[in-house]
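All residue numbers for the sequence shown refer to this note's numbering, where the first residue is 3 and numbers rise by one.
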Amino acid sequence: HLFAPSHICLMFRVAKSPAELKAFNTGWNIGWFLFTSVYLPETLTFYGNWRRSRDTQRIKAQPFSTLPDTAKNATGKDNYANGDVKRKKSALYTKTGDKGMSSLYNGERRSKNDMIFHTLGHQDELNAAIGVASEYCMLSNNGLQPMLSEIQSRLFDLGAAVATPVNSSSEAKVAYTKFSPKFTARLEEWIDDLDAKLPPLTNFVIPSGGLSATHLNLARTICRRAERSVVPLVEDDLVDGEVGRYLNRLSDLLFAAQRTASMRENKEEFLWIKAPADDA
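Structure follows, in structure tokens:
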């Protein structure tokens, strides 16, 4: 839009009279004024904004370690988005555990091979497995996802209790992380509600019945492992027994949830069939 068509016509037309020449000069002056005062600045501004926007998007798409030199200012710091942003160290790594030690909630440093960290790892794995099962339940719209999401939060509370050994933590910290029996009672309410609507069992159920059910069953087996790892800690009075009771009840709930998912999704659950006796 730099030149109007009328201005272009005037440029290539030969004036035939003084009046026409005057009109041509007037038109040319107006055109040049518009070009230098309006069109050109607007065009340059638009082009500059486009270049900055494009460069910003390129910078955002690259990790900081691969930023080109043009993305750095005179001090060597990275330019990011609109203005300079100081690159801070991520809180994701601390380097304090590089030698195989880690901290509990009470500040105590222990080997990562300590039974407490093994137990916390099993609970973390259980939470992740429930998360996968929850996603499948949400996709199938079987109504179990809200319950599973609440359980995932309670597993964080459970981990806090495990990470606060009773024999080496202050009374205040033990009280703050105490795992309430009401959480176990909540599981029992869910179990009673789900099991009342399920057909009675006549045999062992083979892990089956759709993606939601099979992932819930996998979470159940991990829950059993997490429960086994807690037993020594409870026996040594390091962890409150309510932690073990919750995990024991949770595995029962996950079994009921597995069967419920199969029923609500109209998936067939397969039963164990005993191998025929060998003919002798």
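By construction, the Cβ of each residue, glycine as well, lies at the ideal position given by its N, Cα and C atoms.
Shown here, Leu-235 sits in a helix according to DSSP, grouped into three states. Classified as exposed, Trp-274 has fewer than 16 neighbouring CB atoms from the shown chains inside 10 Å of its CB. By the Cβ-count criterion, Ser-155 is exposed, with fewer than 16 other Cβ atoms from all chains shown falling within 10 Å of its own Cβ. DSSP, reduced to helix, strand and coil, places Val-207 within a strand of the structure shown. If you look at Arg-156, you'll find it in the alpha helix (DSSP H) that goes 147-164. Burial state of Ala-135 is buried, judged by a 10 Å Cβ sphere holding 16 or more other Cβ atoms. Within the segment 165-195, the complete alpha helix (DSSP H) segments at least 4 residues long are 173-178, listed from N- to C-terminus. If you look at Ser-253, you'll find it in the alpha helix (DSSP H) that goes 243-266.
DSSP links Ser-105 through a beta bridge to Arg-111. Annotation for Gly-161: Leu-122, Gln-125, Asp-126 place their beta carbon closer than 8 Å to its own, counting only its chain and skipping 5 residues before and after.
Exclusion of the five residues before and after Asn-144 leaves Ser-214, Thr-262, Ala-263, Arg-266, Glu-267 as the residues of its chain whose Cβ lies within less than 8 Å of its Cβ. For Tyr-138, the enclosing alpha helix (DSSP H) stretches over residues 117-142. Ser-253 has its alpha-carbon roughly 6 Å from the corresponding atom of Arg-226. Looking at the DSSP output, Leu-94 shares a beta bridge with no other residue. Here Lys-114 is near Met-103, since their CB atoms are less than 9 Å apart. With a beta-carbon spacing of about 16 Å, Cys-139 and Leu-128 fall beyond the 8 Å limit used to define contacts.
Here DSSP, grouped into helix, strand and coil, assigns Leu-200 to coil. Relative to Ala-165, the option among Gly-99, Ile-118, Asp-238 whose CA is nearest is Ile-118.
Straight through space, the alpha carbons of Phe-185 and Glu-191 are spaced by roughly 10 Å. Straight through space, the alpha carbons of Arg-89 and Arg-230 are spaced by roughly 44 Å. Using a Cβ-Cβ distance cut-off of 8 Å, the segment 195-215 and the segment 228-245 are not in contact, since fewer than three pairs of beta carbons, one from each stretch, lie closer than that value. DSSP, reduced to helix, strand and coil, places Leu-240 outside both helices and strands of the structure shown, so it counts as coil. For Leu-235 and Asp-116, the gap between their C-alpha atoms comes out near 11 Å. A check of alpha carbon separations from Glu-152 across Glu-270, Arg-188, Lys-199 identifies Arg-188 as the nearest.
Contact check for Ser-171 against Glu-271 fails: the beta carbons are separated by 9 Å or more.
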